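Number of protein chains: 2
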Amino acid sequence: MAIAVLRNDDKTNAWRSLLRSKAPDIPVYDYKDSFPKEEIRMAAVWKHPAGSLSAFPNLLGIQGLGAGVDFILEDPDADPGIPVMRVVDPYLASDMAEYVLAQIMAYLRGLYVHASDKGQKKWNPAPYRRIEDLRVGIMGMGQLGTAVAGLLGRTGFRVQGWARTPKNASVEVYHGPKGLPDFLQQSDVLVCLLPLTPETQGILSASLLEGLPQGAFLINVARGPLLVDQDLIDALDTGRLSAACLDVFHQEPLPREHLFWEHPNVWITPHVASVTDPDSVADQVIRNYRALIEGRPPENLIDRRKGY
Amino acid sequence: MAIAVLRNDDKTNAWRSLLRSKAPDIPVYDYKDSFPKEEIRMAAVWKHPAGSLSAFPNLLGIQGLGAGVDFILEDPDADPGIPVMRVVDPYLASDMAEYVLAQIMAYLRGLYVHASDKGQKKWNPAPYRRIEDLRVGIMGMGQLGTAVAGLLGRTGFRVQGWARTPKNASVEVYHGPKGLPDFLQQSDVLVCLLPLTPETQGILSASLLEGLPQGAFLINVARGPLLVDQDLIDALDTGRLSAACLDVFHQEPLPREHLFWEHPNVWITPHVASVTDPDSVADQVIRNYRALIEGRPPENLIDRRKGY
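What follows is the structure in structure tokens.
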């Protein structure tokens with residue numbers, strides 16, 4: 016009985032070494048190596064290559080190695096009868112909150128404009144805005160959204176949330192399609208932290224953006240396909256939005272020919288808002304492996320009907 | 016009896032109109048106009064032209080129109096027997112705090128590096144740092160320093176202060192030359208908010224910067240002459256400092272030939288960390304004028320021996 020690590024990046028080996036060092040009794044394989052596939056009871060995956068999951072006939076569970084598991088649920092090779100788990104990095108939510116705070120503060124104080132002025136040796140003392148001037152709306156009030164609301168609240172921002180269903184939270188949370196217009200109307204900054212599901216794909220569209228106050232600022236730190244790229248460009252070009260900060264994209268790395276690269280009011284970061292730290296989640300992966308083997312319920316199980 | 020407004024920028028007229036609208040009974044003159052100079056009882060000044068104060072034989076007080084008054088105390092035409100006042104903008108301290116938070120968050124999350132990468136269409140997911148990784152040291156624990164410490168503390172930073180004399184504050188405050196080495200050694204970020212006095216001029220020198228942890232980050236939001244420019248460049252070039260954020264300079268606007276403009280690790284903003292809002296302080300100026308006329312003590316009087 017063993018674990019196989021399947022990733023689309025160069026971190027497969029690091030993960031294998033880490034899991035082995037934490038649990039020397041568990042065999043851990045790199046999916047690209049040759050080993051007896053029927054031994055594998057858990058696949059530990061991050062955007063694994065298409066088809067790679069079909070190799071294992073005796074899987075008891077699929078362990079996502081990040082917060083989002085959309086890429087597993089969309090995989091036709093992931094048998095719906097096999098439990099899917101995500102990891103909950105204790106830093107994942109606070110890292111996300113700090114990233115969002117950094118981008119909102121940069122927006123408030125015009126730091127990107129000052130950086131561009133510096134490149135031209137331009138002394139341009141433009142006016143600035145204050146924390147009290149902006150109302151922040153957070154779409155998606157799960158673990159990450161709640162952490163973002165908490166940090167922004169402590170910093171002094173007025174914060175509200177929107178979720179699919181009613182939530183108990185320390186801030187007002189609108190819910191469902193009926194709650195959306197009022198929520199959007201009061202969001203000078205819109206932070207998208209929704210999970211990617213068939214229901215949310217393309218939700219950041221022209222019609223949604225039109226519901227925001229004139230000159231609003233969009234931050235998408237969830238998943239690229241939540242956004243209709245061309246609708247964002249149109250909203251920026253008409254002034255409906257003043258700027259957008261994007262950490263996630265339909266295709267990553269963002270292709271060189273994409274219009275976002277050259278748009279002056281789009282700020283790009285390379286999917287670094289919150290990066291899972293293997294060291295802080297390896298123990299969860301090992302606990303889940305042992306739970307599967309021993310027939311106990313694993314941690315952080317995904318509800319396939321909800322998609323998260 | 017009247018007020019004269021003396022400024023080196025294009026805001027003299029706006030100030031005159033504002034004071035007149037708030038107190039129609041008080042004559043307010045632009046120093047460049049012709050009017051009976053002996054009528055002037057208060058000079059309301061911001062970096063007034065050299066020699067311009069000598070025109071008024073019957074001054075009862077000099078009212079600075081910003082938080083810093085060094086330019087008044089250095090003016091040989093400002094009779095030491097005449098009281099000097101500054102304005103205390105209710106937003107001045109919170110604006111400063113928000114600026115410092117914005118720059119520290121930008122540093123933590125590498126936003127200037129990401130902005131530069133974007134210009135080159137470069138996808139470079141560099142690691143980031145966390146609020147818990149940085150200890151922030153604030154030099155100058157007056158009204159502004161205290162506000163900065165408060166906001167950074169609420170956001171989660173470990174904060175300490177340094178001041179000339181012992182202070183009661185919500186954070187640990189080192190003091191005097193003896194307290195400086197310990198303070199510096201624990202300041203991964205050094206925020207300078209000292210008043211400019213003969214004692215503090217050039218305090219941000221090579222010997223001070225050498226006391227900081229390797230790779231520290233300097234923020235100067237006080238006055239340009241506190242810093243020895245060449246010492247900063249040397250500290251950046253040897254890696255002693257990782258970056259510096261400067262809002263103030265020996266000469267403003269910063270001359271086009273200055274080395275700071277082209278240094279990759281110097282971030283420049285054009286003296287916008289905290290800008291006095293005339294609307295929020297005009298009433299103080301008027302109250303001080305009436306106090307001078309009626310022989311009562313004005314508000315926010317400067318202690319010439321301390322220099323602030």
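These protein sequence lines are chains A and B, in that order.
Mapping of the first sequence onto this note's numbering: residues 16 to 323, in sequence order.
Mapping of the second sequence onto this note's numbering: residues 16 to 323, in sequence order.
Note that CB positions come from ideal geometry on N, CA and C, so glycine has one too.
Note that the structure is predicted; figures quoted are calculated from it, not measured.
Cα atoms of B/ILE317 and B/MET100: separation of roughly 5 Å, rounded to the nearest angstrom.
Assignment of B/PHE198 by DSSP, reduced to helix, strand and coil, places it in the helix class. When Cβ pairs closer than 8 Å are counted between the two stretches, the stretch 176–194 of chain A is seen to touch the stretch 152–159 of chain A, the count reaching three or more. Annotation: the stretch 226–273 of chain B contains the following complete segments of the alpha helix (DSSP H) (minimum length 4 residues), in chain order: 244–252. Chain A places a beta carbon closer than 8 Å to that of B/THR170, counting this residue as a contact.
Rounded to whole angstroms, A/LEU74 and A/ILE87 show a C-alpha spacing of 14 Å. Per DSSP, the continuous alpha helix (DSSP H) segment holding A/GLY134 begins and ends at 126–134. For B/ALA162, the enclosing alpha helix (DSSP H) has its first and last residue at 158–170. Between the stretch 222–239 of chain B and the stretch 252–269 of chain B, the count of Cβ pairs shorter than 8 Å is three or higher; the stretches touch. B/ASN139 belongs to the set of residues whose beta carbon lies under 8 Å from a beta carbon in chain A.
Taken in chain order, the members of the stretch 262–276 of chain B whose beta-carbon sits within less than 7 Å of a beta-carbon on chain A are PRO268, LEU269, ARG271 and TRP276. Between the alpha carbons of A/LEU116 and A/ILE153 lies a distance of about 12 Å. B/VAL20 is a Cβ neighbour of B/ALA59, given a cutoff of 8 Å. Contact annotation: A/LEU274 and A/ALA250 have beta-carbon atoms that are not nearer than 8 Å. Between A/PRO39 and A/ALA17, the gap from beta carbon to beta carbon reaches 8 Å or more. In this structure the stretch 293–309 of chain A does not touch the stretch 261–272 of chain A; the number of beta carbon pairs closer than 8 Å is below three. Rounded to the nearest angstrom, the Cβ distance from B/ARG173 to B/VAL151 is 7 Å, consistent with a contact under 8 Å.
For B/LEU159, not one C-beta of chain A is nearer than 8 Å to its own C-beta. Minimum Cα-Cα distance from A/PRO95 among the listed residues A/GLY76, A/GLN135 and A/LEU107 corresponds to A/GLY76. In the DSSP secondary-structure assignment, B/VAL174 is bridged to B/VAL151. Residues are counted here when their Cβ sits less than 8 Å from a Cβ of chain A; for the stretch 41–67 of chain B the count is zero.
Only residues of its own chain outside the window of five on either side were considered, and among them ALA19, LEU21 and SER67 have a CB closer than 6 Å to the CB of B/TYR46, listed in chain order.
Contact between A/ILE301 and A/ARG56 fails: their C-beta atoms lie close to 12 Å from each other, not under 8 Å. Sequence-distant Cβ neighbours of A/MET111 in its own chain, meaning closer than 8 Å and more than five residues away, are LEU159, ALA162, VAL163, LEU208, VAL236, ALA288 and SER289. In chain B, no part has a C-beta under 8 Å from the C-beta of A/ALA29; the shortest such distance is about 14 Å. Assigned with DSSP and collapsed to three states, B/GLY66 falls in coil, not helix or strand. In the assembly as shown, B/PRO210 is a buried residue. Its beta-carbon has 16 or more other beta-carbons within 10 Å. A direct Cα-to-Cα measurement between A/PRO91 and B/VAL263 gives close to 59 Å.
In the structure shown, A/GLN216 falls within a coil segment according to DSSP collapsed to helix, strand and coil.
Cβ atoms of A/GLY125 and A/ALA141 come within 8 Å of each other, at about 6 Å. If you ignore the 5 residues before and after A/LEU149, its C-beta comes within less than 6 Å of the C-beta of ASP203 and VAL204, all in its own chain and listed in chain order.
Residues ALA121 and TRP282 of the same chain have their beta carbon placed closer than 7 Å to that of B/TYR127, with the five preceding and five following residues left out of the count. CA-to-CA, the gap between B/GLU214 and B/GLY81 works out to about 21 Å.
Here DSSP, grouped into helix, strand and coil, assigns B/ALA19 to strand. No Cβ-Cβ contact shorter than 8 Å links B/GLY226 with B/VAL243. At a cut-off of 8 Å, the C-beta of A/LEU123 has a neighbouring C-beta in chain B.
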